[in-house]
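Colleague: The sequence shown begins at 7 in this note's numbering and counts up by one.
We put the beta carbon where it would ideally sit given N, CA and C, even for glycine.
Submitted below is the structure of interest, expressed as structure tokens.
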Amino acid sequence: MVEAVPAPQKSLRAKAITSVIWSVARVGGDQIFNFIVFAVLARFLSPAQFGIFIVAMITAEVGKVIAQGGLVSSLYRVPVVTAQVADTIFWTNTAISILYAAAMASSARYVAIALGSAEAAPLIFALAFVVPVSAAGATHMARNLLEFGHKALAVRSLLGGLVGGALAIAAAWQGWGIWALVVQRLSVEIIGTLVAWYSFSWRPTFQFSFRVLREQYGLGLGVAGSQLLFIVLNRLQDVIIGRMIGLYQVGIYRTSWKTIEVIVQGAIIPVSTVSLPVLSKLRDDEAAVKRNYLKMLSAGSLLAFPAITGGGAVAGVLIPLLYGRQWEQSIPVAWVLAFMAPAFVLNSFGDAALTVKGHPKVILWRAIVQIVLTLLFCIPAAQYGIIWFAVAFVAHEYVAQIFQLTMFARATSIRVTEIVGAVRIPVIASIAMVAVLGALQWLVPIGQSASGGVQIVYLLALVGCGILSYAGLVFALMKKSERREAFSIRTYLPGDHLIKSDGG
């Protein structure tokens with residue numbers, strides 16, 4: 007009798023390759039849906055209405071950290087996820103989310119007043135119900151991602167974006183106004199949870215353990231605390247602007263931010279999403295973690311720096327084309343925010359490395375420093391208007407990066423000089439590309455009366471010139487060995503040493 011030979015398991019590299027492909031598909035689809043839905047809704051809603059919703063979303067984002075971050079993130083540090091560990095995390099997470107939703111729903115009016123927008127109270131009440139729905143699928147999705155289940159995440163995201171976007175546009179078309187945004191958020195979370203349960207067959211039982219909870223809550227609290235502080239950091243901008251400049255300007259500022267953020271997600275997330283599970287698998291191999299971090303940072307920078315800075319450089323054409331002429335005040339703000347490219351890249355990959363190495367306190371202190379700097383820089387600047395506020399926020403990020411890189415180097419074996427070396431060429435090439443795009447728009451301007459077709463052709467021409475100038479300079483600055491790697495798909499995947507790490 008011949009025994010069946012078990013099929014070999016996919017190597018870590020093969021899993022990472024598949025995950026990157028699905029991440030690209032997910033993020034690409036997300037960006038398409040985001041652009042279409044946001045562009046359509048921007049033509050139905052005013053900047054002030056967007057401002058009110060953005061203020062209300064602060065409470066929903068805090069709840070999402072409770073539901074999807076925090077305790078759930080401890081799964082990445084557990085050697086083996088047993089039924090007892092999974093059940094403990096699931097039920098604790100669910101209970102906390104329900105309590106938070108009840109608190110927000112019952113105090114919506116007072117929270118809205120505290121945030122400077124009494125009009126946001128009904129929205130805060132409605133968005134509270136998003137939190138338990140999100141929590142119900144968080145453990146399933148985290149376990150799926152731990153096994154490189156990025157296909158399920160892609161399906162979840164694409165399906166949620168399609169259905170949620172369609173419902174939001176239909177609601178706006180029917181005159182629901184600001185409530186169209188609430189419909190979108192609720193439908194996306196419901197679909198996300200359903201897909202999470204369908205894609206990962208585990209079902210929670212009642213093997214709850216206080217011992218497991220005591221073992222895991224430390225890292226969970228640290229990660230959740232840092233994520234909450236970053237929400238405070240991010241949304242503190244909205245509160246300051248709303249109170250000192252007005253809700254209309256909150257809508258203008260967030261439209262600029264959204265434009266840059268969509269580009270960030272498309273350029274960074276496909277690589278950074280894979281970084282956490284990859285580094286988690288290699289967390290006991292210091293050298294492998296270092297090599298992979300620097301490789302993925304370099305790969306992410308090659309894509310992200312030109313995309314973010316280039317997006318800001320063409321904002322004068324992009325924003326009116328997407329959202330309409332009523333949003334033109336967002337253009338100079340987008341120019342300024344594009345200079346945050348280094349912070350977006352370093353933060354995305356740095357958090358993954360610190361989480362895997364078990365240093366959530368470093369992330370926590372970084373957030374605290376940034377909040378203090380935001381207050382010091384942005385409150386005085388707000389009295390001079392929205393553009394100077396944006397300048398102050400970008401300036402605070404560069405000051406914060408000095409502190410952050412120093413703390414990161416102390417917490418890991420990765421030196422600041424190695425990090426700078428990984429992003430040096432993309433930074434130089436991106437600056438040159440922005441100069442080229444600026445010169446082209448000055449030499450060959452497009453009139454405000456130009457048709458949509460002409461604007462699209464003009465934008466595509468600028469993008470093409472930007473790509474050629476950036477790629478050409480990167481090619482010229484790199485050594486021959488660096489060129490071969492930079493212009494190969496292998497650049498965006500873990501190196502050969504991963505095969506050795508998992509025995510492949």
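Say whether the segment 116–130 touches the segment 93–107, bearing in mind that this needs 3 or more beta-carbon pairs closer than 8 Å, one atom from each stretch.
Modeller: Contact fails: fewer than three Cβ-Cβ distances are below 8 Å.
Colleague: Among the residues of its own chain, which have a CB less than 6 Å from the CB of Ala512, if the five just before and after it don't count?
Modeller: Because the chain is modelled from 7 through 510, residue 512 falls outside the range shown and cannot be assessed.
Colleague: Check the C-beta distance from Val270 over to Ile314 and give it rounded, since I have them as a contact under 8 Å.
Modeller: So it is a contact: roughly 6 Å between Cβ atoms.
Colleague: Could you tell me how far apart the beta carbons of Leu234 and Arg191 are, in whole angstroms, since I believe they sit closer than 8 Å?
Modeller: That belief does not hold up - the Cβ atoms of Leu234 and Arg191 are roughly 19 Å apart, past 8 Å.
Colleague: Within the continuous alpha helix (DSSP H) that includes Pro451, where are the two ends?
Modeller: Looking at the DSSP string, Pro451 is not in any alpha helix (DSSP H), and its letter there is neither H nor E.
Colleague: Given a cut-off of 8 Å on the beta-carbon distance, is the pair Gly183 and Leu51 in contact?
Modeller: Against a cut-off of 8 Å, the Cβ pair of Leu51 and Gly183 comes out as a contact.
Colleague: Check the Cβ-Cβ distances between Phe409 and every residue of chain B, and say whether any is below 8 Å.
Modeller: Of the protein chains in the structure, only one exists, and it is not chain B.
Colleague: Note down the Cα distance separating Met439 from Arg217, rounded to an integer number of angstroms.
Modeller: Roughly 55 Å between the two C-alpha positions.
Colleague: Residues in its own chain within less than 7 Å of Val375 by CB, not counting five upstream and five downstream?
Modeller: The answer, listed in chain order, is Ala406 and Phe409.
Colleague: Quick check for students: name the residue ranges of the beta strand (DSSP E) that lie wholly in the segment 245–279, counting only runs of 3 or more.
Modeller: Counting only runs of 3 or more, we get nothing.
Colleague: Look at Val268 and Ser307 and say whether their C-beta atoms are less than 8 Å apart.
Modeller: Contact: no.
Colleague: Measuring alpha carbon to alpha carbon, tell me which residue in Ala305, Val295 and Gln255 is nearest Glu334.
Modeller: The shortest C-alpha separation from Glu334 is found at Gln255.
Colleague: Smallest Cα separation from Ala401: which of Gly472, Ser163, Gly257 and Cys384?
Modeller: The shortest Cα separation from Ala401 among Gly472, Ser163, Gly257 and Cys384 belongs to Cys384.
Colleague: Could you tell me if Ser193 is buried or exposed, where buried requires 16 or more neighbouring beta carbons within 10 angstroms of its beta carbon?
Modeller: Result: buried.
Colleague: Compare the beta carbon distance of Pro312 and Gly472 with 8 Å and say whether it is the shorter of the two.
Modeller: Closer than 8 Å, so yes.
Colleague: With a CB to CB cut of under 8 Å and the five nearest residues on each side skipped, what residues in its chain are close to Leu411?
Modeller: Only Leu352, Val422 and Ile425 meet the Cβ criterion.
Colleague: Out of Ala176, Val342, Gln332 and Pro53, point me to the one whose CA is closest to Gly316's CA.
Modeller: For the residues Ala176, Val342, Gln332 and Pro53, the minimum Cα distance to Gly316 belongs to Val342.
Colleague: Would you mind stating whether Thr261 and Ala321 have Cβ atoms separated by less than 8 Å?
Modeller: For Thr261 and Ala321, no; Cβs fall outside 8 Å.
Colleague: Between which two residues does the alpha helix (DSSP H) carrying Gly478 extend?
Modeller: Per DSSP, Gly478 belongs to the alpha helix (DSSP H) from Gly458 to Leu483.
Colleague: Assuming Ile58 and Leu253 make a contact with CB atoms under 8 Å, what is their CB distance in whole Å?
Modeller: The pair is a contact, with the Cβ atoms about 6 Å apart (cut-off 8 Å).
Colleague: According to DSSP, is Ile434 helix, strand or coil?
Modeller: It is helical.
Colleague: Using 10 angstroms around the beta-carbon of Ser336, count the other beta-carbons present and answer buried if the total reaches 16, otherwise exposed.
Modeller: Under this definition Ser336 is a buried residue.
Colleague: Put Pro210 into one of helix, strand or coil per three-state DSSP.
Modeller: Looking at Pro210 - three-state DSSP - the assignment turns out to be coil, as it is neither helix nor strand.
Colleague: Throw me the rounded Cβ distance for the Leu187 and Ala174 pair, which I believe falls under 8 Å.
Modeller: Confirmed, about 7 Å.
Colleague: On the CB-based measure, 16 or more other CB atoms within 10 Å of its CB, does Phe212 come out buried or exposed?
Modeller: When all chains shown are included, Phe212 counts as exposed.
Colleague: Excluding five sequence neighbours on each side, which residues of the same chain lie with their C-beta closer than 8 Å to the C-beta of Ala441?
Modeller: Once the five neighbours on either side are set aside, Ala441 has no close Cβ partner at all.
Colleague: In the structure shown, what three-state DSSP assignment does Trp182 receive?
Modeller: Here Trp182 sits in coil by DSSP.
Colleague: Using C-beta distances below 6 Å, list every residue in its chain close to Pro138, excluding the 5 sequence neighbours before and after it, in chain order.
Modeller: So the list reads Ser103, Ile104 and Ala107, once near-sequence residues are dropped.
Colleague: Starting from the C-beta of Ile393, find all residues in its chain whose C-beta is less than 7 Å away, skip the five residues before and the five after it, and write them out in chain order.
Modeller: Contacts found: Pro338, Val339 and Val342.
Colleague: I think Ala310 touches Ala347, with their Cβ atoms under 8 Å apart; what is that distance to the nearest whole Å?
Modeller: Right, their Cβ atoms sit about 7 Å apart.
Colleague: At the level of alpha carbons, what is the spacing between Ala456 and Val463?
Modeller: Their backbone Cα atoms lie some 11 Å apart in a straight line.
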